[in-house]
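The structure under discussion appears below in the form of structure tokens.
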Amino acid sequence: MGSSSSSRNKIPNAQELMDQTGFSSAHLLRLYDRFECLDRDNRGYLSPDDFEAVGGLAMNPIGGRIIDAFFSSGQDTVDFSSFVRILAHFRPTDRNRNKEGTQQELPNSRTRKLKFAFQLYDLDRDGKISREELLQVLRAMLGLQVTEEQLQSIAERAIQEADLDKDDAISFDEFKKSLEKVDIDTKMSIGFLK
Amino acid sequence: MELFFNPFDNLVCILLGISFTVWFTLLLVFIIVPAIFGVSFGIRRLYMKTLLKVFEWATLRIERGAKEKNHLLYKPYSNAIIAKEPTSLEEEIKEIRRSGSNKDLDSATEFELSDIFYFARRGVESIMDDEVTKRFSAEELESWNLLTRSNYNFHYISLRLTVLWGLGLLIRYGFLLPLRVTLAFTGVGLLVFLTSVVGLLPNGRMKNFLSEKVHLMCYRICVRALTAIITYHDSENKPKNGGICVANHTSPIDVIILASDGCYAMVGQIHGGLMGVIQRSMVKACPHIWFERSEVKDRHLVAKRLSDHVEDKSKLPILIFPEGTCINNTSVMMFKKGSFEIGATVYPVAIKYDPRFGDAFWNSSKFGMVSYLLRMMSSWAIVCSVWYLPPMSREEGEDAVQFANRVKAAIARQGGLVDLLWDGGLKRAKVKDTFKEEQQKLYSKMLVDGLIQSWAPLTD
Numbered sequence: 002m003g004s005s006s007s008s009r010n011k012i013p014n015a016q017e018l019m020d021q022t023g024f025s026s027a028h029l030l031r032l033y034d035r036f037e038c039l040d041r042d043n044r045g046y047l048s049p050d051d052f053e054a055v056g057g058l059a060m061n062p063i064g065g066r067i068i069d070a071f072f073s074s075g076q077d078t079v080d081f082s083s084f085v086r087i088l089a090h091f092r093p094t095d096r097n098r099n100k101e102g103t104q105q106e107l108p109n110s111r112t113r114k115l116k117f118a119f120q121l122y123d124l125d126r127d128g129k130i131s132r133e134e135l136l137q138v139l140r141a142m143l144g145l146q147v148t149e150e151q152l153q154s155i156a157e158r159a160i161q162e163a164d165l166d167k168d169d170a171i172s173f174d175e176f177k178k179s180l181e182k183v184d185i186d187t188k189m190s191i192g193f194l195k
Numbered sequence: 386m387e388l389f390f391n392p393f394d395n396l397v398c399i400l401l402g403i404s405f406t407v408w409f410t411l412l413l414v415f416i417i418v419p420a421i422f423g424v425s426f427g428i429r430r431l432y433m434k435t436l437l438k439v440f441e442w443a444t445l446r447i448e449r450g451a452k453e454k455n456h457l458l459y460k461p462y463s464n465a466i467i468a469k470e471p472t473s474l475e476e477e478i479k480e481i482r483r484s485g486s487n488k489d490l491d492s493a494t495e496f497e498l499s500d501i502f503y504f505a506r507r508g509v510e511s512i513m514d515d516e517v518t519k520r521f522s523a524e525e526l527e528s529w530n531l532l533t534r535s536n537y538n539f540h541y542i543s544l545r546l547t548v549l550w551g552l553g554l555l556i557r558y559g560f561l562l563p564l565r566v567t568l569a570f571t572g573v574g575l576l577v578f579l580t581s582v583v584g585l586l587p588n589g590r591m592k593n594f595l596s597e598k599v600h601l602m603c604y605r606i607c608v609r610a611l612t613a614i615i616t617y618h619d620s621e622n623k624p625k626n627g628g629i630c631v632a633n634h635t636s637p638i639d640v641i642i643l644a645s646d647g648c649y650a651m652v653g654q655i656h657g658g659l660m661g662v663i664q665r666s667m668v669k670a671c672p673h674i675w676f677e678r679s680e681v682k683d684r685h686l687v688a689k690r691l692s693d694h695v696e697d698k699s700k701l702p703i704l705i706f707p708e709g710t711c712i713n714n715t716s717v718m719m720f721k722k723g724s725f726e727i728g729a730t731v732y733p734v735a736i737k738y739d740p741r742f743g744d745a746f747w748n749s750s751k752f753g754m755v756s757y758l759l760r761m762m763s764s765w766a767i768v769c770s771v772w773y774l775p776p777m778s779r780e781e782g783e784d785a786v787q788f789a790n791r792v793k794a795a796i797a798r799q800g801g802l803v804d805l806l807w808d809g810g811l812k813r814a815k816v817k818d819t820f821k822e823e824q825q826k827l828y829s830k831m832l833v834d835g836l837i838q839s840w841a842p843l844t845d
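Residue numbers (the numbering used here), protein chains in the order written: chain A, 2 to 195; chain B, 386 to 845.
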């Protein structure tokens with residue numbers, strides 16, 4: 002009948018995904034619809050140009066880096082489960098989770114969120130944000146609105162503040178430390194509707 | 386001697402002959418003749434009311450079924466997955482920093498590592514739900530209209546409902562679809578034939594009169610071929626000669642809907658095949674504006690032909706869809722300014738489809754024209770409202786873009802649609818860099834002010 006309805010049966014490994022990401026089945030369905038909508042050629046996976054077609058992302062100064070975050074493992078296609086796993090980083094932290102639990106760490110834990118943000122800075126994935134990488138991100142966020150000197154001084158200040166072991170780069174632990182008071186949960190979370 | 390036909394065959398032939406005649410007569414009396422004269426028996430409205438009652442019942446059954454099983458229904462009430470907060474860049478970044486440091490925030494607006502959170506979040510939000518892409522997928526419904534294509538809650542359908550659905554399937558595909566296809570062929574065939582005939586007459590009042598009648602009649606047959614139930618509002622504002630009629634665009638059916646109530650000169654590219662045949666014969670009866678593929682790119686040529694047509698007061702008003710592409714009827718996107726530069730009076734028209742009966746939106750990336758038409762013809766009905774808005778002209782000191790936006794706002798308001806700034810072409814093309822620059826400007830403004838403040842002591 003040519004129906005385009007989606008049902009839980011269409012999503013591969015739905016239960017597994019729900020357990021690993023913490024999304025409810027209703028959310029998963031919605032995300033699947035969204036995935037299909039972005040996948041304009043109906044190939045079953047997304048490629049970088051599908052992301053680039055999203056208006057809000059194209060006008061985001063670090064849009065390119067966010068897209069890279071989806072393709073981090075060197076492949077150039079994203080299937081639905083990888084798509085959902087990345088988006089799961091932005092779920093609000095579940096406050097009433099069993100803290101002693103032997104459950105695996107969910108993508109939306111504080112550490113995982115910080116790791117995601119860290120990787121937006123750390124392009125070559127060597128575990129450190131070098132001065133060069135910081136300059137690149139700043140350039141992306143500020144465009145041509147600031148001069149080279151202004152950019153250098155901003156980067157200099159940021160590294161001085163965060164770099165504790167004075168190796169002229171910011172490691173993940175230093176990154177975590179400098180942001181320890183920031184309310185990551187609210188700022189790196191997206192309000193999902195019930 | 387052998388008999389060629391035995392009595393049984395004879396009987397079957399007679400029965401077939403009778404049923405065919407009866408069917409054809411019914412068709413003629415109830416559909417084609419009213420179409421010719423523009424009269425309506427009201428059958429379609431009765432049909433519409435009955436359908437609505439059935440749909441309500443169906444939805445209630447599903448909800449009841451879900452409640453029994455104690456599950457949450459997948460409620461397609463809105464297209465939103467997430468709640469977006471409308472805070473500005475500056476507010477958000479200050480918020481992030483406030484929670485992260487003990488410094489007095491108003492004076493220390495310098496770069497912090499946490500600033501990236503804002504951009505990351507906004508970016509991922511737009512991946513999940515952005516204003517533009519969601520306008521290009523079909524609108525979601527609250528009640529179920531017995532079409533599989535718009536149902537998400539399969540597991541809650543009871544036996545009774547399945548039977549009803551099956552019946553609906555039978556009626557739609559077994560009865561309505563063949564009927565509509567016949568009508569469609571009749572309508573199109575008559576259009577081609579009669580316009581060619583009228584085209585043989587010499588130019589003059591008679592020809593115009595006949596061409597008008599012929600066009601109206603054929604479009605009305607096509608309207609019945611789709612079982613379109615249209616309500617026209619404010620017909621006193623109907624477009625007049627020498628004007629340009631602009632409307633929001635949801636599907637190719639918009640043309641049929643508007644043209645069955647008034648005569649317009651169409652604008653478009655010449656296609657090959659059946660469309661081309663129809664176009665060529667239409668232009669024999671009255672002047673339409675068809676462009677060759679090569680001419681479409683030349684904006685000056687297009688503008689010249691349009692303004693020539695408009696200046697000749699004996700020619701029909703032009704029908705244009707300035708969005709340039711089909712939108713899903715929940716919003717109106719940016720109007721291309723070409724038709725607003727010509728300087729003629731603009732007659733805006735708002736078209737709003739009622740999605741309860743069948744989704745009329747043509748998602749050209751998902752369905753081709755033929756499968757789209759088949760979907761349309763196997764839906765229950767197409768119900769829509771057309772509002773003719775009062776004519777508008779470009780005012781002193783207003784440029785084409787502002788004028789276009791003014792018209793767009795009026796159409797959106799009347800049709801109850803969201804007025805968006807985005808370009809429909811974004812569906813295919815990439816966003817212009819100016820939007821990105823805006824974001825960069827806002828952010829840098831925050832930082833640079835802070836920088837200047839921190840540098841000030843050094844320059845003393």
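Glycine included, each C-beta is placed from N, C-alpha and C at the ideal position.
Whole-angstrom distance between residue j and residue i, CA atom to CA atom
i, j, result
"residue 513 of chain B", "residue 728 of chain B", "42 Å"
"residue 141 of chain A", "residue 62 of chain A", "6 Å"
"residue 644 of chain B", "residue 432 of chain B", "24 Å"
"residue 406 of chain B", "residue 603 of chain B", "22 Å"
"residue 183 of chain A", "residue 174 of chain A", "15 Å"
"residue 45 of chain A", "residue 36 of chain A", "9 Å"
"residue 792 of chain B", "residue 777 of chain B", "8 Å"
"residue 618 of chain B", "residue 72 of chain A", "52 Å"
"residue 771 of chain B", "residue 718 of chain B", "18 Å"
"residue 160 of chain A", "residue 688 of chain B", "58 Å"
"residue 636 of chain B", "residue 88 of chain A", "34 Å"
"residue 402 of chain B", "residue 561 of chain B", "21 Å"
"residue 47 of chain A", "residue 758 of chain B", "29 Å"
"residue 123 of chain A", "residue 132 of chain A", "10 Å"
Close Cβ partners of residue i (< 7 Å) along its chain, the five nearest in sequence each way excluded
i, result
"residue 749 of chain B", "711"
"residue 430 of chain B", "614"
"residue 180 of chain A", "115"
"residue 568 of chain B", "416, 606, 609, 610"
Residue i classed as buried or exposed, judged by whether at least 16 other C-beta atoms fall within 10 angstroms
i, result
"residue 404 of chain B", "exposed"
"residue 91 of chain A", "buried"
"residue 577 of chain B", "buried"
"residue 588 of chain B", "exposed"
"residue 408 of chain B", "exposed"
"residue 716 of chain B", "buried"
"residue 167 of chain A", "exposed"
"residue 32 of chain A", "buried"
"residue 799 of chain B", "buried"
"residue 34 of chain A", "buried"
"residue 79 of chain A", "buried"
"residue 503 of chain B", "buried"
Same chain only: Cβ atoms within 6 Å of residue i, ignoring 5 sequence neighbours per side
i, result
"residue 724 of chain B", "629, 705, 707"
"residue 605 of chain B", "420, 645"
"residue 732 of chain B", "624, 628, 630, 776"
"residue 779 of chain B", "788"
"residue 107 of chain A", "23"
Neighbourhood of residue i by C-beta, 8 Å cutoff - its chain only, sequence neighbours within 5 removed
i, result
"residue 650 of chain B", "671, 672, 673, 674, 694, 700, 701, 702, 703, 704"
"residue 752 of chain B", "760"
"residue 59 of chain A", "53"
"residue 110 of chain A", "94"
"residue 120 of chain A", "70, 73, 126"
"residue 564 of chain B", "412"
In DSSP terms, what residue i is bridged to
i, result
"residue 735 of chain B", "B:772"
"residue 704 of chain B", "B:630, B:651"
"residue 172 of chain A", "A:129"
"residue 573 of chain B", "Note: residue 573 of chain B sits in no beta bridge, so no partner."
"residue 803 of chain B", "B:716"
"residue 47 of chain A", "A:79"
"residue 417 of chain B", "Answer is none; residue 417 of chain B lacks a bridge partner."
"residue 674 of chain B", "B:652"
"residue 399 of chain B", "Note: residue 399 of chain B sits in no beta bridge, so no partner."
For this session: Could you pull out every unbroken beta strand (DSSP E) segment of at least 3 residues lying fully inside the stretch 604-642 of chain B, listed in chain order?
Result: 613-618, 629-632
Exercise. Along the chain, which unbroken stretches of the beta strand (DSSP E) at least 3 residues long are found entirely within the stretch 51-139 of chain A?
Worked result: 129-131
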